[in-house]
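Quick note: the sequence shown uses UniProt numbering, first residue 1, plus one each step.
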Amino acid sequence: MKKRILNIFMIAAVAVVMVNCKDKAKEANTSEAEAAAVNESTTQKYVTDVTKSTIEWKGFKPTGTHNGTVNIDTGVFQVDGGNIQSGTFLIDMTSIVSLDLEEGKMKTNLENHLKGTVEGKEGDFFNVTQFPTGAFEVTGVSDEGGKTMLSGNLTLKGVKQNITFPVSVANVGDELTITSDAFTIDRTKWGVNYGSKTVFDNLGDKFISDEIELKINVVAYKKA
């Protein structure tokens, strides 16, 4: 009887992990940092509207997921004929919030843990006291099978890696919008190692997936 109950729990645990894995978006192509794109003399400058721009995130663990947002800070893009030539934006890592938890101790504890501001655990996750700002700089734009692919150097915790992911770009009047498809990154490639079973042994079912799902939403306006 005990063996049967144990088998049921094992099957349930595997099922949860499989469901969580199926929910993940495709991982972005990741490589070493590259030279930033250079704009042409004919480009038009667009400045990021920080009140309308954000990054949605989702984290996975065997017992479920957490999701939230982090704010995009100042950014500038150079556009020529509706096409992105170059661009950069900063990421305010101190603005990490969870949206799946109600206001209270659990929400506060999770957000502080992700920020790495819990006393004695400052190195956990993103350690925003030491690394309050992340960054993204465009290195290129390409077309793959009719889909626009945006490549750029993503900097987190002082580590810079190049990633490529699909985006939709619209340039109407004075407004530029860049909306990515949901994609994942392997956080350990940026030294975000807390709870990673590929980094630490004997975590059992207390591990947290290496993959973080991101969805980037940028709104920028033409600068005279």
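Glycine residues also receive a C-beta, built at the ideal position from the N, C-alpha and C atoms.
Range covered by the beta strand (DSSP E) that runs through residue i
i, result
"E137", "133-144"
"L156", "147-156"
"N162", "159-172"
"N29", "29-32"
"F183", "183-186"
"Y194", "Segment: none, Y194 is in no beta strand (DSSP E) and carries neither H nor E."
"E175", "175-180"
Cβ-based burial, residue i [other Cβ within 10 Å; buried from 16]
i, result
"T63", "exposed"
"D210", "buried"
"E103", "exposed"
"G145", "exposed"
"S142", "exposed"
"V14", "At V14 the pLDDT is 37, less than 50, meaning the model places this residue with poor confidence and gives no usable figure here."
"I216", "buried"
"S98", "buried"
"E137", "buried"
"G120", "exposed"
"residue 226", "Nothing about residue 226 can be read from this structure; the chain reaches only from 1 to 224."
"M10", "Per-residue confidence for M10 stands at a pLDDT of 38, beneath the threshold of 50, marking its modelled position as unreliable; the derived number appears in the next sentence. By the 10 Å Cβ count, M10 comes out exposed."
"A220", "buried"
"M93", "buried"
"K115", "buried"
"T164", "buried"
"S86", "buried"
"C21", "Legend: pLDDT at C21 = 46, less than 50; position of this residue unreliable, value from coordinates given subsequently. C21 is exposed by the Cβ-count criterion."
"T42", "exposed"
"E32", "exposed"
"G153", "For clarity, residue 153 is Asn in the given sequence; the question names Gly instead. That one is buried."
"A28", "buried"
"S218", "Correcting the residue identity first, residue 218 is Val in this sequence and not Ser. V218 should be labelled buried."
"T108", "exposed"
"G81", "exposed"
Residues bridged to residue i (per DSSP)
i, result
"W57", "G68, L214"
"I84", "V79"
"K24", "Its beta-bridge partners do not exist; DSSP assigns none."
"K222", "Y46"
"F207", "According to DSSP, which records beta bridges pairwise, F207 is partnered with nothing at all."
"F89", "G75, F136"
Boundaries (first-last residue) of the alpha helix (DSSP H) holding residue i
i, result
"K115", "105-115"
Cβ-heavy atom distance, residue i to the ligand SAH, below 7 Å
i, result
"T74", "As presented, the structure is devoid of all ligands, the ligand SAH included, so that no description of it is given."
- Query: Between the region 33-53 and the region 191-201, do at least 3 Cβ pairs fall closer than 8 Å?
  - Reply: no
- Message: Would you call the region 70-81 in contact with the region 38-56, where contact means no fewer than 3 C-beta pairs closer than 8 Å?
- Response: yes
- At least three beta-carbon pairs within less than 8 Å, the region 122-131 to the region 165-179: no
- Message: Between the region 179-193 and the region 149-160, can you find at least three pairs of beta-carbon atoms closer than 8 Å?
- Response: Taking a cut-off of 8 Å for Cβ pairs, the region 149-160 and the region 179-193 touch, as three or more such pairs fall below it.
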